[in-house]
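Please read the structure below before turning to the comments.
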Amino acid sequence: MSKMWQRIEHGLWPILQQVLAVVIAWWLARVLLDAKVPIFSPIAALVALNTPRGARGANAVRVVLGVMAGVFIGDVAYRYLGHGAVSIALAVLCAMLFALVVDGQRVTMGQCGVSAVIAVVWGQQAAGERVLEVLIGGGVALVFSQLLFPAHPLATLRRAEATMLEELVDVLATTARALQSEREEQEEKLWERLRPGYGVMADLVKAREQALTLTRTVPAWWGQEDPVRQEGASAMHLDLLVNSCMTLARTAMSVDPEHRPGLAPAVKELARILRLLSKAPGNRAVRARAVERVLRVVRIEQPIGSGPRAAFRESVRMVGRDIMVFAGASDETADRSLRELDVEVPIVTPPRLRRPYGTARPRPGRRPPQRP
């Protein structure tokens with residue numbers, strides 16, 4: 001139930017924007033084109049905006065380009081081959097291959113293919129009307145995505161960070177349950193849970209690229225690429241954190257079953273720390289609190305002796321080290337904190353963007369959770 005409300009909370013505002021854009025695109029098509037039943041303009045606006053924030057502007061451009069290319073290719077096929085099945089097949093084939101070569105995105109290929117069909121079946125006039133309507137719908141989508149409701153680059157990146165951290169929380173929580181359970185199915189669940197763990201890194205890389213693109217395409221964020229690059233570099237430390245968490249899970253399960261329950265508290269605490277960070281990854285106070293708690297864990301888990309349990313403790317310390325670096329500690333300080341007990345670990349202030357005209361924008365993200 002809570003996940004359902006979270007989806008509603010995160011998705012309601014974008015849906016309302018899409019509804020408003022659809023109505024405006026429909027109205028503009030009626031006024032500017034005198035279209036009695038404008039279909040394509042509201043559809044184009046909806047398709048363009050129905051994608052994650054940060055990619056809506058590019059999606060709008062893809063929709064418009066796909067339609068224009070499809071209409072042109074379909075018109076050529078209609079002129080030389082008429083309305084037949086061969087004409088439709090060749091038009092769709094050429095249109096989708098063209099979109100595949102030029103862009104390769106599904107939305108471009110789909111719009112290109114559909115427009116080619118319309119151009120062949122309904123003729124040049126209907127295809128031309130579709131182009132004009134789609135230009136209106138795409139224009140409305142661009143105004144919404146780039147001017148009225150632009151995505152915040154850092155918020156885009158930190159949402160991806162939060163998703164990644166939540167994924168790692170689940171991995172460590174599953175590991176802790178497997179350590180405390182004597183049933184083999186819990187261990188099997190852990191291995192199944194680890195398989196998709198690496199895949200979420202691709203979403204973080206994509207979010208980083210989208211955030212940088214926003215600083216180049218959205219007027220409100222022009223000239224503010226450096227803070228986004230700084231946060232992107234911090235986000236890339238999550239790649240190391242993913243690897244260290246996966247190593248921790250595997251190392252923990254290599255310990256003899258009779259000793260596993262005693263390892264669970266450290267894993268649970270690391271999971272709680274990551275959950276804390278996932279609630280507000282851009283908040284400095286939250287990051288500092290996470291570092292304090294990490295230091296308590298790594299200073300308890302000293303890798304004394306040898307064997308699987310010593311390897312487990314070293315893995316715990318590596319996870320803690322990667323958490324500290326993500327939170328804003330330097331690599332050198334994080335390494336020293338593993339060797340020396342009295343090292344303070346200062347963290348840098350997370351970057352922020354300035355709003356147009358020099359006014360300060362509050363840091364994106366939720367209010368930091370209260371200290372447990």
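1 is the number of the first residue of the sequence shown in the working numbering; add one for each residue after it.
Quick reminder that beta carbons are idealized off the backbone N, C-alpha and C, glycines included.
Go to Gln-111, then tell me how far its alpha helix (DSSP H) extends in each direction, as first and last residue. 106 to 122
Apart from the five residues just before and just after Arg-208, which ones in its own chain have a Cβ nearer than 7 Å to its Cβ? Leu-157, Gly-232 and Ala-235
Quick one: measure Cβ to Cβ for Lys-268 and Ala-162, integer angstroms, because I've assumed they're closer than 8 Å. Between Ala-162 and Lys-268 the Cβ distance is about 20 Å, and since that is not below 8 Å, they are no contact.
Look at Leu-248 and Val-319 and say whether their C-beta atoms are less than 8 Å apart. yes
With distance defined between alpha-carbon atoms, name the residue in Glu-225, Leu-204 and Trp-27 nearest to Leu-214. Glu-225
Beta-carbon proximity check, Leu-172 vs Ala-271, cutoff 8 Å: yes
Can you check the segment 219 to 255 for any alpha helix (DSSP H) of at least 4 residues that lies completely inside it and give the ranges in chain order? 225 to 253
The alpha helix (DSSP H) with Val-37 in it runs from where to where? No alpha helix (DSSP H) holds Val-37; DSSP gives it neither H nor E.
Nonlocal neighbours in the same chain, by C-beta distance under 6 Å from Ser-87, ignoring five residues either side: Ala-77, Leu-81 and Val-120
Please report the straight-line C-alpha distance between Ile-73 and Val-47, rounded to a whole angstrom. 22 Å
Kindly list the residues whose CB is nearer than 8 Å to the CB of Lys-206, restricted to its own chain and excluding five residues on each side of it in sequence; keep chain order. Ala-160
On the three-state DSSP scale, how would you describe Phe-326? helix
Let me confirm a value: Met-68 is counted as buried when at least 16 other C-beta atoms fall within 10 Å, else exposed. Which label applies? buried
From Ser-181 to Thr-174, what does the alpha carbon distance come to, in whole angstroms? 11 Å
Starting from Asn-50, follow the alpha helix (DSSP H) in both directions and report where the run begins and ends. Asn-50 -> no alpha helix (DSSP H), and no H or E assigned at all.
Burial state of Ala-89, where buried means 16 or more other Cβ atoms lie within 10 Å: exposed
Just how far apart, CA to CA, sit Ala-102 and Asp-203? A small correction: the amino acid at residue 102 is Val; Ala does not occupy that position in the sequence shown. Cα to Cα, Val-102 sits roughly 23 Å from Asp-203.
As a quick exercise: from Ala-91, Pro-281, Ala-35 and Leu-100, pick the residue whose alpha carbon is nearest that of Ser-115. Ala-91
Would DSSP call Thr-163 helix, strand or coil? helix
Using the rule of at least 16 other Cβ atoms within 10 Å of the residue's Cβ for burial, across every protein chain shown, is Leu-165 buried or exposed? buried
Check for me: the alpha helix (DSSP H) holding Asp-342 runs from which residue to which? Where Asp-342 is concerned, there is no enclosing alpha helix (DSSP H), given that its DSSP letter is neither H nor E.
Range covered by the alpha helix (DSSP H) that runs through Thr-217: 200 to 217
Select from Ala-334, Arg-352 and Pro-351 the residue whose C-alpha is nearest the C-alpha of Glu-344. Ala-334
Do Val-325 and Glu-301 have their CB atoms nearer than 8 Å? no
Taking the continuous alpha helix (DSSP H) assigned at Pro-265, which residues delimit it? 264 to 279
Alpha carbon of Met-246 to alpha carbon of Leu-12, nearest angstrom: 35 Å
When we look at the beta-carbon of Asp-331 and count the other beta-carbons within 10 Å, is it buried (16 or more) or exposed? exposed
Quick one: which unbroken alpha helix (DSSP H) runs of 4-plus residues sit fully inside the segment 62 to 101? Chain order, please. none
Which of helix, strand or coil DSSP assigns to Leu-16: helix
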